[in-house]
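Just so you know, we're using the UniProt record's numbering here: the sequence shown kicks off at 1 and counts up by one.
Note that the Cβ used here is the ideal one computed from N, Cα and C, for glycine as well.
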Amino acid sequence: MVAEGVETEEQRIYLSQKGCDYFQGYLFCRPVPAKDIERILDKRAEILKNN
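Structure follows, in structure tokens:
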């Protein structure tokens, strides 16, 4: 199940407890222009690799 429009950690926790596995919304990332997506994903991948 995918939850859309998740804005707070409390919402994410509640939905997770109800069996939701995937989330989308402002809690994770604000809307961005399509041209910026690759740069954002590269930056996040670098952070994950270094931690």
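Check	Outcome
Touch check for the stretch 7-15 and the stretch 24-38: three-plus C-beta pairs under 8 angstroms?	yes
Contact criterion: CB-CB distance below 9 angstroms. Does GLY19 meet it with respect to chain D?	Reference to chain D is not applicable here, since this structure consists of a single protein chain.
Would you kindly report the start and end of the unbroken alpha helix (DSSP H) that includes GLU4?	Run containing GLU4: none in the alpha helix (DSSP H); it sits in the beta strand (DSSP E), 2-4.
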